[in-house]
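Read top to bottom, the protein sequences are chains A and B.
Each step along the first sequence adds one to the number in the working numbering, with nothing skipped, and position 128 is 114.
Each step along the second sequence adds one to the number in the working numbering, with nothing skipped, and position 69 is 1543.
For every residue, glycine included, the Cβ atom is placed at its ideal position computed from N, Cα and C.
All figures in this text were calculated on a predicted structure; none of them were measured in a lab.
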Amino acid sequence: MTRLELPALRHEADALWGFAERQFNLVKRYWAWEVLWLFYSLVSVLSIGYLASGLGLAGFSARDFHRTQLYLLVGSLLWSYLSSVFTDVSFAISWERWEGTIEYTFMAPVRRLTHLLGICLFAIVYGLLRSAIVLAIAIPLFKLDLSRSDLLAASAVLAAATVPLVGIGILAAVLPLLSPEKGDQMAMAVQGFLLLVSGVYYPLSVLPGPFQVAGRLSPLTYTLSGIRDCLLNGHHLGDMLPTLGLLLAMGAVLIPGGLVVFGWAEGRAKQLGLLKRSG
Amino acid sequence: MNEKTAVSLSGVAKGFRTWKRGPNGAWWRRRRDLKVALEPLDLNVPAGGVTGIIGPNGSGKSTLIRILGTLLTPDSGSASVFGLDVVAQAPSVRRHINRVSVEASFFKELSCWENMLYAARLYGSADSGARRRVEQLMERLGLPGDTLDRPMKQLSRGQQQKVAIARSFMTTPSLLLLDEPTTGLDPRSKREVQELLRSLRREREVTVLLCTHDLDEAAALSDRVIMLDYGKVLADGTPAELCERFGQPDLEEVFMQLSGRSLAEDEEESE
């Protein structure tokens, strides 16, 4: 990095913070909506927890019951986090369109990487905070026993998972960019497909062959199985190194790939005149 | 390329393709229509001064502004801003420009200051003196002192447009693209915005492209006027030159003579 590039780097860092700060301010203003979404996440996780409790009444042994409950709760909680990050990133473009600021943002002298990473930065921090609140409520309610869990190793897997997740979010943000009318719904469909194939509530082995292949390509699959291994099977950080490496490698492909696809989509949107309020 | 050329266009054309279905036609029987927004256009705008782009809705004014703003890619030809190609060197072009559009582009729930700070961070001007500079600009615009901390949605349209102009000046652009900045404002707000543009122009070395329906505004603010209709240039010159060349008392009459219709009537129809 030469001296001449430092002011540019400082500008990009300031802009990155600007995007994250803007998202924070929006969440602050739309706090009532955020409370509703938090409530929705909470009841979704609790429903899955009580579903497991219902299974406990069906004759499971106590050990199997607690294991199943934790298995499902980990899936539900992680899905709540991962889907909230995915939604925040993929909907960032739609939000700009609703507000009528999309042209202003795309005209700003800022790299697209900075723009998208700023959105992701906030989405990850905010997603973690929301999930922590839900977890804090779920632990006493279900008397979760995490004494055999390696929380440090689980946190490392979660941290590594955010890298490919950012890449998937950037890819999903392409949809509202190219299709102002249907882009949001398409992003929701992608999210639903990830839920289906990533082993959120069941192991991949129960899926038909083609879905299993899709599941193996999803970084969420490795995130979920890695975190479950740390929480349910007491795996440690050393055991998780292959998973961490795989997640980071997936991120190393998905983020640049996402940016290339986003760049292509931006060029296409400029040709077709889609970078405006109504598209 | 002349160093003092702010904007240069060579054969720039733009059209938009839409799928159309004939009456009673099946949904899969659609044809692709091309709506020409801009015919091949050659244009040079020297640095400094105000160039008015006037014409009715659909004349290609906004398309031209959006091409220069790096938001649209021309179908053919090339466009440059201070010698930088708007497609190949878009990131560099963006450092020189800012735009005020007919709809003030703000996050309406955020306060005026939060929107300003966001813009300052994007344009690299969010230093410790940013708030003071914004307050000074707001004072000059005649906005009440508490405006800065009020949500944008609580401001009138005129106030929002003034804030949009203040925001554009905060980033000290070399080329300011004003796309109908006073459309829809009450007469008093319109006069205040026009006066602000005059005074800021006196103080700063800035090139302004002003798109407007308002021919009086164009005549009062512009050094040069370009009349567009259906994506073609009808006339180009100073307001006085155009009136003299076509033997008409004002720009409205010039436009009527060249296009066969009144710009004022056209506006009413579109409303």
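Item                                                                                                                                                                                                             : Value
I want to see whether chain B comes within less than 8 angstroms of Met93 of chain A, judged by CB atoms only; does it?                                                                                          : yes
In angstroms, rounded to a whole number, what distance separates the CA positions of Leu258 of chain A and Val1486 of chain B?                                                                                   : 16 angstroms
Count the other CB atoms within 10 Å of the CB of Gln55 of chain A; is the residue buried (16 or more) or exposed (fewer)?                                                                                       : buried
For chain B, is any of its Cβ atoms less than 8 angstroms away from the one on His(-3) of chain A?                                                                                                               : yes
Could you say which of A:Leu217, A:Ile241, A:Ala251, A:Ala(-6) lies nearest to Pro95 of chain A if we only look at CA atoms?                                                                                     : A:Ala(-6)
Can a CB atom of chain A be found closer than 8 angstroms to the CB of Ala1714 of chain B?                                                                                                                       : no
Taking Ser1736 of chain B as the reference, which of B:His1687, B:Asp1697, B:Leu1611 has the closest Cα?                                                                                                         : B:His1687
Using a Cβ-Cβ cut-off of 8 angstroms, state whether Arg1573 of chain B counts as contacting chain A.                                                                                                             : yes
Could you pull the DSSP bridge partners for Gly1489 of chain B from this structure?                                                                                                                              : B:Val1510
Between Asp0 of chain A and chain B, is the shortest Cβ-Cβ distance under 8 angstroms, so that the two count as touching?                                                                                        : yes
According to DSSP, is Ala147 of chain A helix, strand or coil?                                                                                                                                                   : helix
Just checking my contact of Thr1537 of chain B with Lys1488 of chain B at CB under 8 angstroms: how many whole Å lie between their CB atoms?                                                                     : 5 angstroms
Compare the C-beta of Gln9 of chain A against all C-beta atoms of chain C and say whether one is closer than 8 angstroms.                                                                                        : Among the protein chains in the structure shown, which are A and B, there is no chain C.
Can you find a C-beta in chain B that's less than 8 angstroms from the C-beta of Trp250 of chain A?                                                                                                              : no
Please list the partners that Glu1513 of chain B has in chain A, where partner means a Cβ-to-Cβ separation under 9 angstroms.                                                                                    : What Glu1513 of chain B touches in chain A: nothing, since even the nearest Cβ is about 17 angstroms away.
Could you tell me which whole beta strand (DSSP E) segments of length 3 or greater appear in the stretch 1604 to 1638 of chain B?                                                                                : none
Under 8 angstroms between C-beta atoms, does Val246 of chain A make it to chain B?                                                                                                                               : no
Cβ atoms of Ala78 of chain A and Ala6 of chain A: under 8 angstroms apart, would you say?                                                                                                                        : no
Measuring only between beta-carbons, confirm whether Gly86 of chain A sits less than 8 angstroms from chain B.                                                                                                   : yes
Could you work out which residues of chain B lie near Lys256 of chain A, taking near to mean beta carbons separated by less than 7 angstroms?                                                                    : Leu1545, Leu1546, Thr1547
With a CB to CB cut of under 8 angstroms and the five nearest residues on each side skipped, what residues in its chain are close to Pro1514 of chain B?                                                         : Gly1485, Val1486, Ala1487, Ser1550, Gly1551
Anything in chain B within Cβ reach of Glu89 of chain A, meaning under 9 angstroms, just list it in chain order.                                                                                                 : Arg1540, Gly1543, Leu1545, Arg1573, Ser1575, Ser1579
Please go through the same chain and pick out, in chain order, the residues whose beta-carbon is closer than 6 angstroms to the beta-carbon of Ala147 of chain A, but skip the five residues on each side of it. : Thr209, Leu233
Residues in the same chain with beta-carbon distance under 6 angstroms from Arg1569 of chain B, minus the five sequence neighbours each way, listed in chain order, please.                                      : none
With a CB to CB cut of under 6 angstroms and the five nearest residues on each side skipped, what residues in its chain are close to Ala251 of chain A?                                                          : Val160, Leu163, Leu164
Where in the stretch 63 to 147 of chain A do unbroken runs of the alpha helix (DSSP H), each at least 4 residues long, occur, reported from the N-terminal end onward?                                           : 78 to 85, 88 to 93, 98 to 128
Whose C-beta lies closer than 7 angstroms to the C-beta of Gly267 of chain A among residues of the same chain, with five residues either side of it excluded?                                                    : Residue 267 of chain A is absent from the structure shown; chain A starts at -13 and stops at 265.
Should His222 of chain A be labelled buried (16 or more other beta-carbon atoms within 10 Å of its own) or exposed?                                                                                              : exposed
Strictly by DSSP, which residues pair up with Gly1523 of chain B?                                                                                                                                                : B:Thr1681
Contact between the stretch 111 to 131 of chain A and the stretch 189 to 208 of chain A: three or more CB pairs below 8 angstroms?                                                                               : no
Which parts of the stretch 166 to 248 of chain A are runs of the alpha helix (DSSP H), unbroken and 4 residues or longer, counting only runs that do not cross its ends?                                         : 169 to 183, 195 to 203, 205 to 218
Do Val1567 of chain B and Val1519 of chain B have their C-beta atoms within less than 8 angstroms of each other?                                                                                                 : no
Within 10 Å of its beta-carbon, does Val219 of chain A have 16 or more other beta-carbons around it, so buried, or fewer, so exposed?                                                                            : One point to set straight first is that residue 219 of chain A is Asn, not Val, in the sequence displayed. With fewer than 16 Cβ atoms within 10 Å of its Cβ, Asn219 of chain A is classed as exposed.
For a quick check, are the C-beta atoms of Pro150 of chain A and Gly231 of chain A less than 8 angstroms apart?                                                                                                  : no
Do you know whose CA, among B:Gln1635, B:Ser1733, B:Val1682, B:Ala1511, lies nearest Thr1479 of chain B's CA?                                                                                                    : B:Val1682
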